[in-house]
(Lines of atoms letter the chains of each structure in order from A and count residues from 1; the text may use other names and numbers.)
(Lines give C-alpha, C1' and ligand atoms only; values in the text may rest on other atoms or scores of the structure.)
Protein backbone atom coordinates (compact mmCIF):
# COMPACT_ATOMS: atom_id res chain seq x y z
CA UNK A 1 0.00 0.00 0.00
CA UNK A 2 1.35 3.42 -0.88
CA UNK A 3 0.21 6.90 0.11
CA UNK A 4 1.43 9.56 -2.33
CA UNK A 5 1.16 13.34 -1.93
CA UNK A 6 2.84 14.66 -5.03
CA UNK A 7 2.32 18.29 -5.99
CA UNK A 8 3.03 21.79 -4.74
CA UNK A 9 -0.12 23.56 -3.66
CA UNK A 10 -1.55 20.44 -2.01
CA UNK A 11 -2.98 21.37 1.39
CA UNK A 12 -4.01 18.70 3.87
CA UNK A 13 -5.81 20.03 6.94
CA UNK A 14 -5.68 17.02 9.23
CA UNK A 15 -3.57 14.11 10.42
CA UNK A 16 -2.49 11.08 8.37
CA UNK A 17 -1.59 7.52 9.30
CA UNK A 18 0.94 5.48 7.32
CA UNK A 19 0.90 1.68 7.59
CA UNK A 20 3.82 -0.66 6.94
CA UNK A 21 3.73 -2.74 3.73
CA UNK A 22 5.95 -5.29 5.40
CA UNK A 23 9.01 -4.75 3.21
CA UNK A 24 11.66 -2.08 2.60
CA UNK A 25 9.60 -0.06 0.11
CA UNK A 26 8.27 3.45 0.69
CA UNK A 27 4.84 3.64 2.32
CA UNK A 28 4.45 7.45 2.21
CA UNK A 29 5.99 9.51 -0.61
CA UNK A 30 5.39 13.20 0.22
CA UNK A 31 6.98 15.41 -2.45
CA UNK A 32 6.44 18.57 -4.49
CA UNK A 33 6.20 21.15 -1.73
CA UNK A 34 2.74 20.54 -0.29
CA UNK A 35 1.84 21.16 3.35
CA UNK A 36 0.11 19.03 5.98
CA UNK A 37 -1.51 21.11 8.71
CA UNK A 38 -1.43 18.23 11.13
CA UNK A 39 0.67 15.24 12.18
CA UNK A 40 1.98 12.18 10.33
CA UNK A 41 1.36 9.05 12.42
CA UNK A 42 3.01 5.81 11.37
CA UNK A 43 3.04 2.11 12.09
CA UNK A 44 6.45 0.90 13.30
CA UNK A 45 8.57 -0.01 10.27
CA UNK A 46 6.71 2.20 7.79
CA UNK A 47 8.94 3.79 5.15
CA UNK A 48 8.46 7.56 4.80
CA UNK A 49 10.07 9.78 2.16
CA UNK A 50 9.63 13.58 2.43
CA UNK A 51 11.23 15.73 -0.27
CA UNK A 52 10.90 18.79 -2.51
CA UNK A 53 10.23 21.26 0.27
CA UNK A 54 7.15 19.45 1.59
CA UNK A 55 6.25 20.45 5.14
CA UNK A 56 4.07 19.77 8.16
CA UNK A 57 2.60 22.87 9.78
CA UNK A 58 4.94 24.88 7.51
CA UNK A 59 8.05 23.30 9.05
CA UNK A 60 9.91 19.97 9.08
CA UNK A 61 7.72 16.85 9.35
CA UNK A 62 8.43 14.67 12.41
CA UNK A 63 6.37 11.45 12.17
CA UNK A 64 5.05 9.86 15.39
CA UNK A 65 4.98 6.06 15.75
CA UNK A 66 1.77 4.55 17.15
CA UNK A 67 1.86 1.55 19.48
CA UNK A 68 1.21 -1.90 18.03
CA UNK A 69 -1.86 -2.16 20.23
CA UNK A 70 -3.40 0.99 18.78
CA UNK A 71 -2.59 -0.08 15.22
CA UNK A 72 -4.29 -3.45 15.84
CA UNK A 73 -7.28 -1.65 17.32
CA UNK A 74 -7.53 0.51 14.21
CA UNK A 75 -7.66 -2.65 12.10
CA UNK A 76 -10.30 -4.42 14.16
CA UNK A 77 -12.43 -1.29 14.54
CA UNK A 78 -12.62 -0.78 10.78
CA UNK A 79 -13.54 -4.41 10.22
CA UNK A 80 -16.30 -4.16 12.81
CA UNK A 81 -17.64 -0.88 11.42
CA UNK A 82 -17.76 -2.20 7.85
CA UNK A 83 -19.51 -5.34 9.07
CA UNK A 84 -22.14 -3.12 10.69
CA UNK A 85 -22.62 -1.16 7.49
CA UNK A 86 -22.91 -4.30 5.34
CA UNK A 87 -25.99 -5.66 7.14
CA UNK A 88 -28.05 -2.47 7.15
CA UNK A 89 -31.29 -2.59 5.16
CA UNK A 90 -31.29 -0.26 2.15
CA UNK A 91 -33.80 2.58 2.17
CA UNK A 92 -33.19 3.22 -1.57
CA UNK A 93 -31.58 1.07 -4.31
CA UNK A 94 -30.57 3.14 -7.34
CA UNK A 95 -28.42 0.87 -9.53
CA UNK A 96 -25.81 2.61 -11.70
CA UNK A 97 -25.94 6.40 -11.17
CA UNK A 98 -24.41 8.40 -14.04
CA UNK A 99 -24.83 12.15 -14.64
CA UNK A 100 -22.89 14.36 -17.08
CA UNK A 101 -25.42 17.13 -17.83
CA UNK A 102 -24.10 19.73 -15.40
CA UNK A 103 -27.35 19.79 -13.45
CA UNK A 104 -28.18 19.22 -9.78
CA UNK A 105 -29.58 15.77 -9.00
CA UNK A 106 -31.22 15.27 -5.62
CA UNK A 107 -31.58 12.40 -3.20
CA UNK A 108 -34.09 13.22 -0.48
CA UNK A 109 -33.88 11.98 3.08
CA UNK A 110 -36.58 9.79 4.53
CA UNK A 111 -35.48 10.97 7.97
CA UNK A 112 -32.85 9.51 10.27
CA UNK A 113 -30.37 7.12 8.68
CA UNK A 114 -30.60 6.79 4.89
CA UNK A 115 -28.89 3.71 3.43
CA UNK A 116 -28.47 4.12 -0.33
CA UNK A 117 -27.30 1.25 -2.56
CA UNK A 118 -25.67 1.94 -5.96
CA UNK A 119 -23.75 -0.34 -8.31
CA UNK A 120 -21.59 2.61 -9.43
CA UNK A 121 -21.54 6.41 -9.29
CA UNK A 122 -20.20 8.65 -12.08
CA UNK A 123 -20.46 12.46 -12.12
CA UNK A 124 -18.97 14.48 -15.00
CA UNK A 125 -19.38 17.90 -16.61
CA UNK A 126 -19.98 19.82 -13.40
CA UNK A 127 -22.93 17.67 -12.34
CA UNK A 128 -23.97 17.71 -8.68
CA UNK A 129 -25.30 14.92 -6.49
CA UNK A 130 -27.06 16.61 -3.58
CA UNK A 131 -27.86 14.63 -0.44
CA UNK A 132 -30.75 16.58 1.04
CA UNK A 133 -31.81 16.48 4.65
CA UNK A 134 -31.57 17.95 8.12
CA UNK A 135 -28.58 18.17 10.43
CA UNK A 136 -29.96 15.17 12.35
CA UNK A 137 -29.98 12.92 9.26
CA UNK A 138 -27.28 10.51 8.04
CA UNK A 139 -26.38 9.05 4.65
CA UNK A 140 -24.58 5.73 4.24
CA UNK A 141 -24.00 5.06 0.54
CA UNK A 142 -22.85 1.56 -0.46
CA UNK A 143 -21.39 1.39 -3.97
CA UNK A 144 -20.72 -2.10 -5.27
CA UNK A 145 -21.72 -5.06 -7.41
CA UNK A 146 -20.12 -8.15 -8.93
CA UNK A 147 -18.48 -6.18 -11.77
CA UNK A 148 -18.75 -2.50 -10.86
CA UNK A 149 -18.40 -0.58 -7.65
CA UNK A 150 -16.47 2.54 -8.70
CA UNK A 151 -17.05 6.18 -7.73
CA UNK A 152 -15.77 8.63 -10.36
CA UNK A 153 -16.16 12.42 -10.44
CA UNK A 154 -14.67 14.87 -12.93
CA UNK A 155 -15.17 18.22 -14.62
CA UNK A 156 -15.64 20.08 -11.32
CA UNK A 157 -18.57 17.91 -10.29
CA UNK A 158 -19.88 18.05 -6.72
CA UNK A 159 -21.10 15.66 -4.05
CA UNK A 160 -22.99 18.04 -1.77
CA UNK A 161 -23.98 17.12 1.78
CA UNK A 162 -26.41 20.07 1.86
CA UNK A 163 -27.99 20.57 5.31
CA UNK A 164 -26.90 17.12 6.46
CA UNK A 165 -23.22 18.09 6.71
CA UNK A 166 -20.10 16.27 5.55
CA UNK A 167 -19.72 14.61 8.95
CA UNK A 168 -22.97 12.69 8.44
CA UNK A 169 -22.09 11.19 5.02
CA UNK A 170 -20.26 7.87 4.53
CA UNK A 171 -19.50 6.15 1.21
CA UNK A 172 -18.34 2.51 1.30
CA UNK A 173 -17.07 1.67 -2.20
CA UNK A 174 -16.13 -1.82 -3.40
CA UNK A 175 -13.50 -0.69 -5.90
CA UNK A 176 -11.81 2.54 -7.06
CA UNK A 177 -12.56 6.12 -5.97
CA UNK A 178 -11.33 8.69 -8.53
CA UNK A 179 -12.12 12.37 -8.03
CA UNK A 180 -10.98 15.30 -10.17
CA UNK A 181 -11.79 18.91 -9.29
CA UNK A 182 -15.03 20.13 -7.82
CA UNK A 183 -16.12 19.83 -4.19
CA UNK A 184 -16.61 16.51 -2.46
CA UNK A 185 -18.23 16.05 0.97
CA UNK A 186 -18.13 12.94 3.15
CA UNK A 187 -15.97 10.06 4.36
CA UNK A 188 -14.95 7.58 1.64
CA UNK A 189 -13.75 3.99 2.19
CA UNK A 190 -12.33 1.94 -0.70
CA UNK A 191 -12.64 -1.74 0.24
CA UNK A 192 -10.73 -3.33 -2.67
CA UNK A 193 -9.40 -0.49 -4.84
CA UNK A 194 -7.39 2.72 -5.10
CA UNK A 195 -8.27 6.29 -4.10
CA UNK A 196 -7.07 9.20 -6.27
CA UNK A 197 -7.82 12.88 -5.60
CA UNK A 198 -6.76 15.32 -8.35
CA UNK A 199 -7.38 18.93 -7.42
CA UNK A 200 -10.65 20.13 -5.94
CA UNK A 201 -11.78 20.68 -2.36
CA UNK A 202 -12.53 17.62 -0.25
CA UNK A 203 -14.34 17.84 3.10
CA UNK A 204 -14.22 14.55 4.98
CA UNK A 205 -11.83 11.59 5.25
CA UNK A 206 -10.34 8.87 3.00
CA UNK A 207 -9.64 5.27 4.02
CA UNK A 208 -7.89 2.60 1.96
CA UNK A 209 -8.55 -0.92 3.24
CA UNK A 210 -6.96 -3.52 0.93
CA UNK A 211 -3.30 -4.42 0.55
CA UNK A 212 -1.53 -3.64 -2.73
CA UNK A 213 -3.42 -0.42 -3.48
CA UNK A 214 -2.69 3.32 -3.48
CA UNK A 215 -4.07 6.48 -1.90
CA UNK A 216 -2.96 9.47 -4.01
CA UNK A 217 -3.36 13.22 -3.52
CA UNK A 218 -2.16 14.90 -6.74
CA UNK A 219 -2.68 18.10 -8.78
CA UNK A 220 -2.95 20.23 -5.64
CA UNK A 221 -6.19 19.22 -3.89
CA UNK A 222 -7.25 20.84 -0.64
CA UNK A 223 -8.32 18.16 1.82
CA UNK A 224 -10.14 19.30 4.96
CA UNK A 225 -10.72 16.73 7.67
CA UNK A 226 -14.35 16.46 8.79
CA UNK A 227 -14.94 13.63 11.24
CA UNK A 228 -17.73 11.17 10.44
CA UNK A 229 -20.08 11.30 13.42
CA UNK A 230 -22.49 8.38 13.12
CA UNK A 231 -25.79 7.83 14.78
CA UNK A 232 -24.97 5.84 17.96
CA UNK A 233 -26.76 2.71 16.71
CA UNK A 234 -25.17 2.79 13.25
CA UNK A 235 -21.49 2.32 12.40
CA UNK A 236 -20.62 3.51 15.88
CA UNK A 237 -16.93 2.72 15.51
CA UNK A 238 -16.35 5.45 12.91
CA UNK A 239 -14.96 8.27 15.02
CA UNK A 240 -11.19 8.37 14.82
CA UNK A 241 -10.03 11.79 13.77
CA UNK A 242 -7.78 10.99 10.81
CA UNK A 243 -8.21 12.20 7.26
CA UNK A 244 -6.49 9.58 5.10
CA UNK A 245 -5.72 5.96 5.91
CA UNK A 246 -3.81 3.39 3.88
CA UNK A 247 -2.95 0.22 5.70
CA UNK A 248 -1.13 -3.01 4.93
CA UNK A 249 -2.75 -6.46 5.21
CA UNK A 250 -4.98 -5.69 8.07
CA UNK A 251 -8.06 -3.57 7.79
CA UNK A 252 -7.75 0.22 7.89
CA UNK A 253 -10.09 2.09 10.08
CA UNK A 254 -11.68 5.17 11.30
CA UNK A 255 -11.08 4.22 14.91
CA UNK A 256 -12.25 5.53 18.20
CA UNK A 257 -9.00 7.38 18.90
CA UNK A 258 -8.85 11.11 18.31
CA UNK A 259 -5.51 12.75 17.67
CA UNK A 260 -5.61 16.51 18.20
CA UNK A 261 -9.13 16.64 16.78
CA UNK A 262 -7.88 16.24 13.20
CA UNK A 263 -7.29 13.39 10.87
CA UNK A 264 -5.84 11.83 7.73
CA UNK A 265 -4.93 8.14 7.54
CA UNK A 266 -2.85 6.22 5.02
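In our numbering, the protein residues as written are 5 to 270. Just so you know, even glycine gets a beta-carbon here, dropped at the ideal spot from N, CA and C. Note that this is a predicted model, so its numbers are computed, not measured.
- Looking at the backbone, the Cα of residue 204 and that of residue 34 are separated by about 19 Å.
- As computed with DSSP, residue 33 is found in a beta bridge with 8, 53.
- The beta carbon of residue 128 sits closer than 7 Å to those of 104, 158, 159, 161, all from its chain and outside the five residues before and after it, given in chain order.
- The continuous stretches of alpha helix (DSSP H) do not include residue 15, which lies in the beta strand (DSSP E) extending over residues 15-17.
- Residue state for residue 81 is assigned as helix, using DSSP reduced to three classes.
- If the five residues before and after residue 93 are omitted, its C-beta is found closer than 8 Å to the C-beta atoms of 119, all from its own chain and listed in chain order.
- The straight-line gap separating the alpha-carbon atoms of residue 25 and residue 31 is approximately 7 Å.
- According to the DSSP secondary-structure assignment, residue 232 is paired through a beta bridge with no residue.
- The alpha carbon of residue 46 has as its nearest neighbour, out of 111, 90, 74, the alpha carbon of 74.
- Residue 111 sits close to residue 136, with the two beta carbons spaced by under 9 Å.
- Residues 20, 65, 67 of the same chain have their beta carbon placed closer than 6 Å to that of residue 44, with the five preceding and five following residues left out of the count.
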